[in-house]
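Asker:
In the numbering used here, the protein residues as written are 163 to 265.
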């Protein structure tokens, strides 16, 4: 069994027991989070929504909040003596998928 759902502007495929990294979600570690934008659910057969599957939800538990590795960005213009270095660390949440609810 798996589901395809959206959170934080991205789509994820997850099954019960999976640990996934999603964009930062509100809540304390140990609390329950629910994702309602479910596009497809696979039980014995595949159910695809148009665009969403009716009454389908993905429930999970927040394990931790953290920041990803630093991404370095370099801006450079040749012949102009222009160089800039920027860095960015994206926040994320690790979520343990507990169950996929349909119907």
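Cβ atoms here follow ideal geometry from the backbone N, Cα and C, with glycine treated the same way.
1. Check each candidate in 182, 254 and 235 and name the one with the smallest Cα separation from residue 245.
2. So for residue 214, helix, strand or coil by DSSP?
3. Identify the residues that DSSP records as bridge partners of residue 251: which are they?
4. Count the other CB atoms within 10 Å of the CB of residue 288; is the residue buried (16 or more) or exposed (fewer)?
5. Looking at C-beta atoms only, is the number of pairs between the segment 195-202 and the segment 215-225 that lie closer than 8 Å three or more?
Answerer: Considering the structure as presented:
1. Along the chain shown, read from residue 1 onward, the residue named residue 245 stands at position 83. Closest by alpha carbon: 235.
2. Against the chain shown, residue 214 aligns to sequence position 52. Three-state result, residue 214: coil.
3. The residue you call residue 251 lines up with position 89 of the chain shown. Paired residue(s): none; residue 251 is not in a bridge.
4. The chain is shown from 163 up to 265; residue 288 falls before or after that span and cannot be answered.
5. The segment 195-202 makes contact with the segment 215-225, as at least three CB pairs between them are under 8 Å.
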